[in-house]
Structures are given as C-alpha cells and as structure tokens.
Ligand code: SAH
Ligand code: SF4
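In the working numbering, the protein residues as written are 1396 to 1752.
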C-alpha cells in the first residue's frame, strides 16, 4: 500500500533531472526569477549540496516552496570495489531496485576518467559483450546518468567522462542529450565538450541526430573490418553495415582538430589478422580517425580469447606505419573486471564486497 507521503514524493520534481532551461521554466512556473536557476545549479553541482535548507542565498520562502514541489536525488554507491591499480567500480541501486555501474579510472597525476552507463542492460546483443547478454532492462533518466558523476566527484575530481559503461547511449538519445546539457551547464559542472566522449555501436540515424543536436566527442565500436565478421560480433551491423557506418562517420560534424575514436577489440583468430589491419586502413581512408586497440578482456561464459602479444604488436605497427594514430589501451581494473563493457558481470560478488565495506 502506498502511503500519502510516498505518493506526494513521487509527484515532486527531481531537480537533477532538469536541464538549465527546464529549471528556469520550473522556477518561472512558481513565479521565480531566471537567475535563481544559476544559484541552485551552483549549489547542486559545484558544492554538492542536495538539501534546500543549506542553500543560504535563497529566501526561506523560496526554500519552503522548493521543498514542497521538488527534491534533489543524491546517490551513495551500494558497493565500491577498488582494483590494485586504483580503478574504482561503483555499483548504484536505483529507486526501482535495478542496478548500474560506473568506473573511475585514474590517469597521470591526480586526473581521473569516469566511465558511466546510459541504460540498465543493452538491447544491441553484441556477442562478445557481457552487458549485451543481459538484454535491455530500461533506459536511464538524465538525472540517473548525471548522478553517477555527482557520486564519483565526492571521491575526487573527474576530468573526463566517457559514456562507455552499460548500454547503448544512442538508443537512449533524448535522455543522453539532456544529461550532456546538464554536465555542460556553465553554472553546474561546466564540463567542456572536449572532455566528454560518447561511444556507440553504430546506430547510423541516431549518429546523424546526435551531430545535429549537441557537440560531444564520438567513439565508434568498430571491432571488425568485414560485414561478415561484424554481422556476427555486432548484430547492429546487419541493419547498418560498414559502408553506411563509415559514411555516417565521414559526415559527423567535427571541430578543426577533432577526430573520431574507433575502438577495436582484438579477438584471437576473429579480427586480429594482418589482412584485418590492411582492411582497417582502407576503411578509415578519408576519416579523421584515431584507433584504440583493446585486447579482448576474457571473461567466463565467453569463448573469445585475446590475441598473442606479437599479434597485437604487428596489428598496431601496421596502422602506425600507415600514419594512423593507434593507441594500445591499457586494460585497467582487470582484477575487478571493471573494463568498460564488462560491467555488471560480477554483481553478486560486488554485493558481498559492499557488505564488507
Ligand atoms: N554501447 C556502446 C558503449 C558501451 S560498450 C558501444 O558499444 O560503443 C563499451 C565498450 O566496451 C565497447 O567499445 C565494447 O566494444 C567494449 N567491450 C565490451 N566487451 C568487451 C570485452 N570483453 N573486452 C574488451 N572490450 C569490451
Ligand atoms: Fe551494448 Fe555496447 Fe555491449 Fe554492444 S558493446 S552489447 S552496444 S554495451
């Protein structure tokens, strides 16, 4: 049975789910000035304050009005797992009991990259991906995407954000675009568009729409150089084959020095041959590209294997010799299977870790 309080709670608006323009409109609806939005954004995102009573530059009357109509969700991870290299994996339980994960990856100096999720599960069904094997449960709201960042910055600054966790961001385009707007808001986190990267499996029409609607760095999970292989690894390829995907990449709006990142998981005897490297060079012709080579992260329940070290080196060398920027991505957080795309794999273990902490 729902109590009257919970019904009332449900009607209140979560301010973390609003873009600046939506917050301005919400405030206008209760007769408040536009500049109040900036004050509230600074409290929430710059100072991490989620309690209206602590917002000392708002009048008592406005605070009471806000309390009756709105709330500010505030996440604490249910479990945090720390890898030997400093990578931290956060597990969050959502209001409806579902879970998502985010991973904080330390970079040189005090810097950190945060990998966040856009959906619970994923509908795309890539055969190498653990998230894909769960199917899609539901989309995350903009507030749920942003809250992963809010929770992680409590552990220290986040310099870069990558939408490479669970889910296909372009399959949840509206909420992802609104989440980006919230992350970019100058009075909020004020993330620069150069610091945020969205990774897609290659939903061609949504790539075009993304380019029209908002600026963000684009990463494409390529993972194969022929349609025959990509059809098997990534079923999305049957709908949007390589030729259409590469055309969408060529058309994607880029700033003068910006490039598209192509992620290429190297899987032993599947896509790691020199013939693949040669085809990759051809595919990327005319695209402002850089390539991230990621040796396959082996996991239980998957027969795919990482290539031998010499094979990886030969593949990379072939690209470098043709003047393609090819970076070998270090698999960080391997001991806690925190590699992006491997999230949610060890949920039960995570829960037990959480109860120990
Ligand atoms: N759905 C989007 C973004 C999330 S997937 C996309 O596919 O781009 C994040 C990345 O993890 C993808 O590039 C995917 O290819 C990679 N990935 C998935 N399983 C992996 C594994 N076992 N080893 C290495 N990378 C993996
Ligand atoms: Fe979904 Fe990306 Fe995994 Fe494919 S690789 S199943 S698109 S999360």
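Glycine included, C-beta positions come from ideal geometry on N, C-alpha and C.
Same chain only: Cβ atoms within 6 Å of residue i, ignoring 5 sequence neighbours per side
i	result
residue 1408	1465
residue 1568	1601
residue 1742	Confidence at residue 1742 is low in this model, with a pLDDT of 38, below 50, so its placement is unreliable and the value that follows should be read with caution. Here the set comprises nothing.
residue 1571	1513, 1564
residue 1749	Its pLDDT being 31, under 50, residue 1749 is placed unreliably in this model, and the value from its coordinates should be taken loosely. Contacts found: 1473, 1474.
C-alpha gap between residue i and residue j, whole angstroms
i	j	result
residue 1431	residue 1425	12 Å
residue 1451	residue 1458	9 Å
residue 1411	residue 1561	21 Å
residue 1580	residue 1586	7 Å
residue 1666	residue 1628	10 Å
residue 1724	residue 1657	12 Å
residue 1672	residue 1661	11 Å
residue 1651	residue 1710	28 Å
residue 1645	residue 1449	49 Å
residue 1554	residue 1509	8 Å
residue 1460	residue 1535	28 Å
residue 1494	residue 1543	12 Å
residue 1434	residue 1428	11 Å
residue 1416	residue 1593	23 Å
residue 1611	residue 1453	34 Å
residue 1492	residue 1678	43 Å
residue 1456	residue 1566	41 Å
residue 1697	residue 1691	11 Å
residue 1505	residue 1559	21 Å
residue 1686	residue 1531	28 Å
residue 1669	residue 1437	52 Å
residue 1527	residue 1518	7 Å
residue 1708	residue 1442	46 Å
residue 1625	residue 1604	23 Å
residue 1397	residue 1706	Residue placement at residue 1397 is flagged as unreliable, the pLDDT there being 46, under the threshold of 50; the coordinate-derived value follows with that caveat. So the alpha carbons of these two residues sit roughly 60 Å apart.
Extent of the continuous alpha helix (DSSP H) to which residue i belongs
i	result
residue 1711	1704-1716
residue 1580	From DSSP, residue 1580 is part of no alpha helix (DSSP H); its letter is neither H nor E.
residue 1632	1631-1634
residue 1424	1415-1424
residue 1673	1669-1678
residue 1462	1455-1464
residue 1435	1430-1436
residue 1665	That residue, residue 1665, is in no alpha helix (DSSP H); it is neither H nor E in DSSP.
residue 1639	1637-1646
residue 1700	Element bounds for residue 1700: n/a, residue is neither H nor E.
Beta-carbon proximity check, residue i vs residue j, cutoff 8 Å
i	j	result
residue 1584	residue 1546	no
residue 1482	residue 1498	yes
residue 1674	residue 1620	yes
residue 1683	residue 1649	yes
residue 1701	residue 1695	no
residue 1529	residue 1516	yes
residue 1632	residue 1659	no
residue 1539	residue 1489	yes
Beta-carbon contacts of residue i that lie in its chain and below 7 Å, excluding the five residues immediately before and after
i	result
residue 1338	For residue 1338 there is no data in the structure shown, the boundaries of the chain being 1396 and 1752.
residue 1647	1602, 1606, 1613, 1655
residue 1608	1572
residue 1623	none
residue 1419	1429, 1432
Residue span of the beta strand (DSSP E) that contains residue i, given as start and end
i	result
residue 1497	1494-1501
residue 1553	Unbroken run through residue 1553: none, as it is neither H nor E.
residue 1542	First-last for residue 1542: 1537-1548, but that is the alpha helix (DSSP H), not the beta strand (DSSP E).
residue 1472	From DSSP, residue 1472 is part of no beta strand (DSSP E); its letter is neither H nor E.
residue 1516	1514-1516
residue 1511	Looking at the DSSP string, residue 1511 is not in any beta strand (DSSP E), and its letter there is neither H nor E.
residue 1600	First-last for residue 1600: 1599-1608, but that is the alpha helix (DSSP H), not the beta strand (DSSP E).
residue 1658	1655-1661
residue 1685	1684-1690
residue 1721	1720-1723
Residue closest to residue i, alpha-carbon to alpha-carbon, out of the options
i	options	result
residue 1676	1706, 1598, 1714	1714
residue 1630	1598, 1690, 1687	1598
residue 1688	1719, 1565, 1528, 1504	1719
residue 1507	1529, 1519, 1484, 1492	1484
residue 1440	1722, 1468, 1419, 1610	1468
residue 1551	1524, 1501, 1570	1501
residue 1642	1462, 1526, 1572, 1681	1681
residue 1704	1505, 1532, 1663, 1596	1663
residue 1699	1525, 1422, 1556, 1622	1525
residue 1596	1437, 1575, 1438, 1635	1635
residue 1355	1670, 1504, 1556	Only positions 1396 to 1752 of the chain appear in this structure, which leaves residue 1355 out of reach.
residue 1549	1716, 1686, 1436, 1444	1444
residue 1406	1442, 1462, 1436, 1456	1462
residue 1496	1418, 1505, 1471	1471
residue 1590	1533, 1653, 1615	1653
Cβ neighbours of residue i in the same chain (closer than 8 Å, five flanking residues each side left out)
i	result
residue 1717	1676
residue 1744	Low confidence applies here, because residue 1744 scores a pLDDT of 37, under 50, leaving its location unreliable and the question unanswered by this model.
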